[in-house]
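Trainee: Got a structure for you, questions after.
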Amino acid sequence: MRYSKAFIPTMRHVPKEATMASHVLLIRSGSVRMLSKGIYSYLPLGWRAVENVARVVREEMDRTGAQEILMPFVQPASIWQESGRWDGFGPELLRFKNREGADYAIGPTHEEVVTDLVRREIRSYKQLGFNLYQIQTKYRDEPRPRAGILRGREFIMKDAYSFDADAEAAQRSYEGMVVAYARIMTRLGLEFRAVQADTGAIGGDLSHEFQVTTPSGEDVLVLCDKCSYAVNVEMAPAYGDGWTCTPGEAQGGTSSEVHTPGAHTVEEVSSFLGVTAQDILKTVVLHDGDHHHAALVRGDRELNLLKTARLLGVREVFLAGDEDVRRLTGADVGFAGPCGLEKKVESIIADREVEGMAGFVCGANRTDHHLKDVHLGDIGADVRFADLRKVTDGDGCPRCGGPIHTEKGIEGGQTFYLGTIYSEKMDATFLDSGGKSRAVEMGCYGIGITRLVAAAIEQHHDENGIVWPIEVAPYQVHVLQLGAGEQAAAEAERIHDELEREGLDVLLDDRKERPGVKFFDADLLGIPVRIVVGEKGLKQGALEVKTRDGSISESIPPSDVVGRAAGIVSDLRDEALRSAGERAGSILKETGLQK
RNA sequence: CGGGGUGUAGCUCAGCCUGGUAGAGUGCGAGCUUUGGGAGCUCGAUGUCGCAGGUUCGAAUCCUGUCGCCCCGACCA
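Per my numbering, the very first residue in the first sequence carries number 4; after that it's consecutive.
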């Protein structure tokens with residue numbers, strides 16, 4: 004490809020709407036442009052990267068025997084009503100009516116469609132044991148899209164669905180996908196961890212997230228330093244089986260109110276009253292859509308909303324709004340306490356650790372006032388104790404007791420073992436070898452194709468631009484033709500043409516630009532191998548061949564340049580494949596799926 | 001949804017408080033010089049000041065509404 008003919012609108016300025024590295028660089032490199040909130044066009048460079056991720060995903064999915072299909076993204080409400088998700092999915096499902104007034108949705112995922120497709124054809128266990136996947140645009144009406152294509156409303160996803168006759172075969176299908184995902188992530192050059200995950204709206208009881216580890220990630224991973232325990236913080240239990248605590252003094256009656264003007268935060272209360280955060284009881288007012296609840300945690304802890312929702316038996320809980328807090332507690336936000344709150348809320352729940360607290364400080368439900376020397380007996384209501392707090396660095400591993408630490412991650416893919424939850428609801432059944440009717444055992448497996456492009460940049464960039472991993476890079480080799488001399492132009496063309504004949508994707512910067520401009524753009528675009536063809540080098544009989552990550556920088560004769568560049572590319576690919584094989588060999592142990 | 005911010009040239013932003021002919025840098029076009037890390041000089045083109053109302057002799061500026069975008073949202077309880 005000749006740069007002079009390419010549509011690569013690079014930008015010098017940092018676009019003001021972008022804060023994350025991948026977002027900034029995708030825009031600056033002319034890879035994507037926003038049409039509307041969370042909705043992006045892919046320009047040639049960005050689209051090539053997307054296609055490359057898709058290519059690797061296809062290769063690895065096909066390798067497992069999965070078959071590619073394409074399903075509709077416009078889906079009738081009827082199948083969603085069958086599965087119960089028309090009401091269950093929430094506002095992220097974009098719904099609309101067609102001209103006849105019938106309800107439809109734009110597919111955020113395809114369990115319903117694929118289950119419907121398969122149930123019409125499956126009669127016997129002999130037909131089962133297959134996996135269907137597609138690569139397609141999805142739409143989820145996210146409440147808060149951000150960070151460009153990392154968390155968009157419209158995005159491209161690979162979703163696969165396995166269909167088996169029994170749980171054992173389904174388990175093997177699941178493991179096959181976990182292995183494939185490890186190969187995919189590794190080939191794409193991504194550092195990742197597979198963690199146990201919540202199954203959320205999709206359902207099922209076994210799930211792993213493939214988290215691309217980066218400090219800019221949205222998810223928090225809890226990882227054991229000693230064993231292979233790895234879990235999303237949403238799921239992480241704070242207390243192992245052996246955990247106990249000595250119940251605190253239940254006797255109340257010693258509490259007294261203290262004036263704490265302006266002390267809204269635990270930190271402020273702690274320094275105002277000269278107590279530690281552990282001596283403070285934090286009261287969080289929640290609502291679950293129907294009712295309000297109060298949750299109690301130690302002052303230095305954070306509430307885990309997912310564990311809280313599970314305890315309450317609801318799908319989701321949210322923080323109550325400021326207005327609700329004022330109405331229920333009778334005080335400004337920051338002064339809520341459990342005493343006297345039992346009549347205002349549906350229930351009071353507390354983290355297990357709170358059971359050991361005594362003589363603590365808590366809000367007085369009166370603006371600018373707290374209570375001190377409070378005991379559990381003062382709450383005057385039944386409090387349910389459970390594992391509610393968020394796990395943090397320094398907590399113990401629930402499996403081996405070793406120390407755990409947390410890391411941030413971007414969820415690049417997730418695998419779910421669904422069992423029969425969809426097949427039962429939607430009547431996808433078959434006759435087993437004994438002639439009995441059974442529901443199909445299903446699994447579903449997603450990879451955010453466009454998100455992985457952004458994640459790759461989050462992990463691979465420097466202050467000058469992108470540093471593409473070889474399998475994602477829109478081009479593998481970037482030939483910089485410097486100067487206006489005919490000799491350099493002819494030589495650059497020759498190198499470009501020969502590299503293309505080798506089957507490589509090559510970008511030839513033949514623009515009438517000064518060298519500095521070309522170098523800066525080359526750094527920004529991040530193509531892995533760079534060849535500089537200038538009059539100076541030709542005179543000296545040595546051209547510069549460099550990798551974008553700086554690991555290789557050589558001056559070699561023009562006649563050897565093509566062979567050397569092609570060699571570097573194939574070495575990089577071989578290395579990616581080799582590590583993919585290695586990681587795939589250990590992933591089942593790593594995830595605990597095999598001993 | 002709540003809170004905060006922002007919208008002026010392709011891009012980044014100034015001007016707004018205190019109303020009076022629309023600005024800078026960068027980019028873009030032409031010319032000369034320059035040519036291995038975002039060149040210099042000269043000349044030039046570019047705006048429904050997000051949109052809709054209102055106040056005013058007069059609105060980018062003040063008022064009302066609306067739309068878009070960005071950031072934050074137990075860690076304050």
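Yeah, the Cβ is synthetic: ideal placement off N, Cα and C, and Gly gets one too.
All figures in this text were calculated on a predicted structure; none of them were measured in a lab.
#1: Alpha carbon to alpha carbon, how far is leucine 511 from lysine 411?
#2: Among Lys229, Ile30, Arg5 and Thr311, which residue has its Cα nearest to the Cα of methionine 14?
#3: Rank Arg122, Leu135 and Arg98 by C-alpha distance to the C-alpha of methionine 74 and give the top, closest one.
#4: Measure the C-alpha to C-alpha separation of isoleucine 424 and phenylalanine 321 and round it to an integer number of angstroms.
#5: Of the residues Val565, Gly486, Asp390 and His262, which one's Cα is nearest the Cα of arginine 504?
#6: Name the one or two DSSP bridge partners that tyrosine 43 has.
#7: Anyone know if the C-beta pair for tyrosine 142 and proline 111 falls short of 8 Å?
#8: Would you call the segment 477-485 and the segment 178-191 in contact, with 3 or more CB pairs under 8 Å?
#9: Could you say if the segment 467-476 and the segment 185-198 meet the contact criterion of at least three C-beta pairs nearer than 8 Å?
#10: Determine the contact status of alanine 280 and methionine 238, defining contact as a CB-CB distance below 8 Å.
#11: Contact defined as beta carbons within less than 8 Å: I believe valine 535 pairs with isoleucine 571. What is the distance between those atoms, to the nearest angstrom?
#12: Mapping the DSSP letters down to three states, classify arginine 122 as helix, strand or coil.
#13: Return the residue from the list Asp144, Ala170 and Glu124 that minimises the CA-CA distance to isoleucine 42.
#14: Do the segment 282-291 and the segment 356-363 make contact, defined as three or more Cβ pairs closer than 8 Å?
#15: On the criterion of 16 or more Cβ atoms from any shown chain inside 10 Å, does serine 83 qualify as buried, or is it exposed?
#16: Starting from the Cα of methionine 429, find the closest Cα among Leu502, Glu115, Lys8 and Met37 and give me that residue.
#17: Can you list, in chain order, the residues of its chain whose CB lies under 8 Å from that of proline 218, leaving out five sequence neighbours each side?
#18: For threonine 247, is the classification buried or exposed, using 16 other Cβ atoms within 10 angstroms of its Cβ as the cut-off for buried?
#19: Please classify valine 269: is it buried, with 16 or more other beta-carbons within 10 angstroms of its beta-carbon, or exposed?
#20: Could you tell me which residues DSSP pairs with glycine 446 in its beta bridges?
#21: Quick one: is arginine 154 buried, meaning 16 or more other Cβ sit within 10 Å of its Cβ, or exposed?
#22: Within 10 angstroms of the Cβ of aspartate 398, are there 16 or more other Cβ atoms? Answer buried if so, exposed if not.
#23: Taking DSSP as the reference, what is the three-state secondary structure of isoleucine 340?
#24: Please report the straight-line C-alpha distance between alanine 621 and glutamate 427, rounded to a whole angstrom.
#25: Could you round the C-beta distance between tyrosine 45 and valine 77 to whole angstroms and report it? I think they count as a contact, below 8 Å.
#26: State the Cα-Cα distance for the pair phenylalanine 419 and aspartate 291, rounded to the nearest angstrom.
#27: To the nearest angstrom, how far is it from the Cα of valine 386 to the Cα of leucine 314?
#28: Decide yes or no for the touch test of the segment 259-278 against the segment 370-383: beta carbon pairs closer than 8 Å, at least 3 of them.
#29: Would you be able to state if there are at least three C-beta pairs under 8 Å between the segment 87-103 and the segment 122-135?
#30: Does the segment 376-383 come close enough to the segment 398-408 that 3 or more CB-CB pairs lie under 8 Å?
#31: Nearest-angstrom Cα distance between tyrosine 6 and aspartate 524?
#32: Leaving out the 5 sequence neighbours to the left and right, which residues in its chain are closer than 7 Å to aspartate 340 when beta-carbon positions are compared?
#33: Buried or exposed: where does arginine 454 fall if 16 or more other Cβ atoms within 10 Å of its Cβ makes it buried?
#34: Based on DSSP bridge pairs, tell me the residues matched to phenylalanine 388.
#35: If we ignore side chains and look at the alpha-carbon of each, how far apart do alanine 163 and glycine 449 end up?
#36: If you draw a straight line from the alpha carbon of alanine 173 to that of arginine 392, how long is it in whole angstroms?
Mentor: This is what the structure gives:
#1: 38 Å
#2: Ile30
#3: Leu135
#4: 27 Å
#5: Val565
#6: Met37
#7: yes
#8: no
#9: yes
#10: no
#11: Rounded, the Cβ-Cβ distance is 14 Å, inconsistent with contact.
#12: helix
#13: Asp144
#14: yes
#15: The sequence as given places tryptophan at residue 83; serine does not occur at that position. With 16 or more other Cβ atoms within 10 Å, it is buried.
#16: Glu115
#17: Lys411
#18: exposed
#19: buried
#20: Ser165 and Tyr420
#21: buried
#22: buried
#23: Per the sequence shown, the amino acid found at residue 340 is glycine instead of isoleucine. Residue state, collapsed to three classes: coil.
#24: The requested residue 621 does not occur in the structure, where the chain is confined to residues 4 to 598.
#25: That belief does not hold up - the Cβ atoms of tyrosine 45 and valine 77 are roughly 21 Å apart, past 8 Å.
#26: 26 Å
#27: 13 Å
#28: yes
#29: no
#30: no
#31: 11 Å
#32: The sequence as given places glycine at residue 340; aspartate does not occur at that position. Excluding sequence neighbours, glycine 340 sits near Thr286, Cys365, Gly366, Ala367, Asn368 and Leu374.
#33: buried
#34: Ala353
#35: 6 Å
#36: 34 Å
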